[in-house]
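Q: Chains as they are written, first to last, in the numbering used here: chain A, -2 to 109; chain X, 254 to 368.
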């Protein structure tokens, strides 16, 4: 079945790196996503990685995918207070449409 | 494109009243999703449409909830009668074919409070 699990909370100091982890159960997923939700706003797509990739870097963001362990991580370098938000891991499957399954979200708190 | 547009942003209503939430998806997207977000249950998929046709409404909690998509640029989610436990943030999202779009684009949500 489809299940995406994340820890609920992470606290880091401003300037440090943040690493948010996620595990998923379905090995047939095609794309994996990271969404960011700021207070009072909708979910915003941050980045995504195709399932045949190991790593993707986009400025301060690094996504690592370990397909064998079904583990996805998002590293934010030089974390800023503006990075405080809830981060959702999600996976999607091919076949008909983009069925996206979301995790429960990790709340990142950045301490000045 | 202005993105997915939802209205109203906030709605406060009394128990028993009818509530209608509105959504305009991104032009050209052929899938539309309605989600509900609460602290207790996280993000729940209520219903989704493809080319204006409801495909899966198994997430709709009760018969009090109904959703329509009369055309490609408009959808509504109606709750009648509303109850305090319906208080949540309701999101609309849209997407296009994989390869043309990745993931879903979400609206800013409607925060519903039923008192």
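Don't be surprised by glycine CBs; every beta carbon is placed ideally from N, CA and C. As the structure is a prediction and not an experimental result, all values here were calculated from the model.
Flag residue 84 of chain A as yes if its beta-carbon sits less than 8 Å from any beta-carbon of chain X, otherwise no.
A: Residue 84 of chain A does not count as touching chain X.
Q: How big is the Cα-Cα spacing for residue 6 of chain A and residue 20 of chain A?
A: Near 15 Å, if we compare the C-alpha coordinates of residue 20 of chain A and residue 6 of chain A.
Q: Find the nearest neighbour of residue 75 of chain A within the set A:66, A:88, A:109 and A:36, judged by alpha-carbon distance.
A: Answer by Cα proximity: A:109.
Q: Chain A beta carbons: is any one of them nearer than 8 Å to that of residue 360 of chain X?
A: Interface residue, yes.
Q: Could one say the Cβ of residue 344 of chain X lies closer than 8 Å to chain C's Cβ atoms, at least one of them?
A: No chain C is part of this structure, whose protein chains are labelled A and X.
Q: Going along the chain, which residues of its own chain have a beta-carbon closer than 6 Å to the beta-carbon of residue 308 of chain X, five neighbours each way excluded?
A: Within the same chain, residue 308 of chain X has close Cβ partners 301.
Q: Note down, in chain order, each residue of its chain lying with its Cβ closer than 7 Å to the Cβ of residue 96 of chain A, except the 5 sequence neighbours on either side.
A: Same-chain partners within the cutoff: 89 and 90.
Q: Just to confirm my understanding: we take residue 42 of chain A, look at its own chain, exclude 5 residues before and 5 after, and list those with CB closer than 7 Å. What are they?
A: Taken in chain order, the residues that qualify are 30 and 32.
Q: Identify which residue in A:106, A:77 and A:84 has its Cα closest to the Cα of residue 296 of chain X.
A: Checking every option, the nearest Cα to that of residue 296 of chain X belongs to A:84.
Q: Quick check on residue 76 of chain A: does DSSP put it in helix, strand or coil?
A: Three-state result, residue 76 of chain A: coil.
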